[in-house]
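Novice: One structure is given below, represented as structure tokens, and several questions about it will come after.
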Amino acid sequence: MRLKSTFKSLVFATSALCALTLATANAESHNETKTPIKHVIIIVGENHSFDNLFGTYQPKQGQTISNLLSKGIVNADGTPGAHFDLAKQRIGQDENVYNAVTASTGEYASLPRPYTTWADPSSTGLPSGVEDTRFPTNMPNGPFQISKYVPYAAYTGDPVHRFFQMWQDVDGGKHDKFVWVEETIGTGSNGNPHPAGGFNPKEGAISMGFYNMNPFTDAQGHAQPGDAPVFKSLADNYAISDNYHQAIMGGTGANFQALVSGDVAFFTNPDSLDGSAAVPYSNQIENPDPVAGTNNYYTQDGYGGGSYVNCADPSQPGVASVNQQLYSHGVHKTNCAPGHYYLVNNYNLYWNQTSSNPNPLGPNHFILPPQSIPTIADVLSAHGVSWKYYTADRGDDQMAFATAVDGVPLPYHYYCGICDPLTGYLSIMKSPAQEAKLQNYGAFLNDVHNNTLPAVSYVRPFEALAGHPADSTTDLYEKFLEDLINQVKSNPQLWASTAIFVTTDEGGGYYDSGYIQPVDFFGDGTRIPFIAVSPYAKKGYVDHTYYDHVSLLKFIEENWHLPKISHRSRDNLPNPVASRDNPYMPKNGPAIGDLMNLFDFGHHEDRDHDHGHDRG
């Protein structure tokens, strides 16, 4: 079914509730732009790598792509291909200290069965934290098609996606330790001692799963039309990148920080609350060195454990090993300031939605204190360019309770604090005018239909529709995207001057076969999906230019003639110079592009009547 009518009726039904929001909405910026794009909408879903979604995508004639299918790792029907061994997973060697690159002692004869991890039993039909019996026990050692065993719209478990774990996953570019990391440390020790009798993170090999956009036959012998039809159609009708990356190794929090700052947050003084650098509580400092006598069981790591790293000090656990990976690629600028402990994983932000609701700080509260580093919001405001950050599930977003998907109400209303990154910044939360620009999805839709959309909009979907494994699905993220795009296109004046950028925050720990450029201590990380939806996007184009999340900031700065965010933010990196032999690896690295190559501004195509991405 189509969500458009449901969303629109709810928008107008709740317009009275949004009156205050509309009264304070930013008018359209009148700043001159380099391109015909007057509105940028950045939609950030969650936790899927490029190969996880686009691993079998076949682009239009004349275009090439780097994915599982093109490399022969899998066939079009999802079965193992002639070069399946390129993705073979290996078992790491026991080490006394953390190593980002680990020696191998062997390889998996077959993949360990995936677990349900923390998925709600009502969504999988199985308890949380058990082997997912929907999958077989003897899958070949390499990528497997998830939808061969469970429907595309089914909920599954969630792979580990943390900083030091992901450096080990990619294993210096071999990409062969995803399963070993899942089996040895998973999401971390959380400060707990190694349990007697061994440690089982209960993940299995869910990281090796992918979806298939081509027709296939499932394990029950039923013909299936292909997964991710909305993503596929958007790729066919607009422009995608097969070389766009999460900016930071690891998870959601650090990557959302990069999306607004081009930088990394750090621990600040919890007493003065002035944003100055300070030393964290000892139990919150990362230590990925293995506990003696264990195989890769990190000493202090986890969502309730260590997440800060003093990466300017090579004697700190894990730092020298990551630095060695940079140095081996000729990168000697780690971008780590002395005395700064950077947050490389997920802690909630100091303010919980509003400035009147701060979170408590202390060793047992895993909260990031207030930040003082500049953001793109500060640059936009200083130059009179309008912006808003719309977070579904924020505040009294009534649609979170009322929206129906296929006739079933959303299962929960869950605000994702780490997905609303500007609530962590002094310049935003200490200014009523700036804080007022942090709004909900109902306000976004009102702005779309009332021609009050700002120049730059960030949109975080409802948690239930964001695509995060275990509590959402890619099918639900597609429904959200389909409706949002249709809402924008229903306003022809807005659509004619808009670029909608669709991505995820990070790869979610899923396997990806693509090249990763060492940029600084913090990343880059794996490739993730990226689509440019616009009347000016090159139709059916696959761009090989090297990008990461900071490319979004570079596009905004280039389009609105803005300065860089700071002297150290990644938007200072040059645009890539591609090699004829390898267009994916910049000759002048580290370098990241500004997304301009996804567009043809000399050719405006009216696609209002092109409903290839509508599912009817």
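Heads up: the sequence shown begins at 129 in my numbering, then just goes up one per residue. The C-beta atom is built at its ideal place from N, Cα and C for all residues, glycine as well.
Taking C-beta to C-beta, are N451 and P445 nearer than 8 angstroms?
Specialist: no
Novice: May I ask you to report which of helix, strand or coil DSSP gives V459?
Specialist: V459: coil per DSSP, three-state reduction.
Novice: Is it right to say E685 is buried, meaning 16 or more other beta carbons lie within 10 angstroms of its own, or is it exposed?
Specialist: buried
Novice: To the nearest angstrom, how far is the alpha carbon of L680 from that of V168?
Specialist: 9 angstroms
Novice: Using the beta-carbon count (16 or more within 10 Å), is E160 buried or exposed?
Specialist: exposed
Novice: Can you have a look at H303 and say buried or exposed, based on whether 16 or more other CB atoms are within 10 angstroms of its CB?
Specialist: With 16 or more Cβ atoms within 10 Å of its Cβ, H303 is classed as buried.
Novice: According to DSSP, is N318 helix, strand or coil?
Specialist: DSSP places N318 in coil when its eight states are reduced to three.
Novice: When you compare each of P279, R708, K715 and D699 to S389 by their alpha carbons, which one comes out closest?
Specialist: D699
Novice: Give the single residue among Q352, S410 and K516 whose Cα lies nearest to the Cα of A564.
Specialist: K516
Novice: How big is the Cα-Cα spacing for I720 and T245?
Specialist: 35 angstroms
Novice: Measuring straight from C-alpha to C-alpha, what distance separates N383 and S697?
Specialist: 14 angstroms
Novice: To the nearest angstrom, how far is it from the Cα of D286 to the Cα of N195?
Specialist: Each residue's Cα considered, the two are about 22 angstroms apart.
Novice: Taking DSSP as the reference, what is the three-state secondary structure of P208?
Specialist: strand
Novice: Taking C-alpha atoms, which residue in H322, S256 and A333 lies nearest to I219?
Specialist: A333
Novice: Please report the distance separating the alpha-carbon of P549 from that of A210.
Specialist: If I take the Cα positions, the gap works out to 44 angstroms.
Novice: Helix, strand or coil: how does DSSP classify W515 here?
Specialist: In the structure shown, W515 sits in a strand (DSSP, three-state: E or B).
Novice: Roughly how many whole angstroms lie between the Cα atoms of Q385 and V447?
Specialist: 21 angstroms
Novice: So which of P691, V670 and I313 has the shortest CA-CA distance to N725?
Specialist: V670
Novice: Take S404 and list the residues in its own chain whose beta-carbon comes closer than 8 angstroms to its own, dropping the five residues that flank it on each side.
Specialist: Cβ neighbours of S404 beyond the five flanking positions: T396, N397 and S500.
Novice: Just to confirm, is the Cβ distance from T322 to T422 under 8 angstroms?
Specialist: Residue identity check: residue 322 is His in the sequence provided, not Thr. The answer is yes: Cβ separation under 8 angstroms.
Novice: Looking only at C-alpha atoms, which of H468, P663, S435 and N411 sits nearest to Y475?
Specialist: S435
Novice: For Q615 and V576, which I take to be in contact (beta-carbon distance under 8 angstroms), what is that distance rounded to the nearest angstrom?
Specialist: 5 angstroms
Novice: Just the Cα atoms here: how many angstroms apart are F468 and D402?
Specialist: Checking the displayed sequence, the identity of residue 468 turns out to be His instead of Phe. Cα to Cα, H468 sits roughly 15 angstroms from D402.
Novice: I'd like the span of the beta strand (DSSP E) that includes I368, first residue to last.
Specialist: A367 to S369
Novice: Cα-Cα, which of V407, A367, Y425 and I413 is closest to A324?
Specialist: Distance check between A324 and each of V407, A367, Y425 and I413 places Y425 closest, using alpha-carbon atoms only.
Novice: Going by DSSP in three states, N725 sits in which element: helix, strand or coil?
Specialist: helix
Novice: Heavy atom of the ligand MN less than 7 angstroms from the Cβ of N487, yes or no?
Specialist: Among the ligands in the structure shown, none appear at all, so the ligand MN cannot be discussed.
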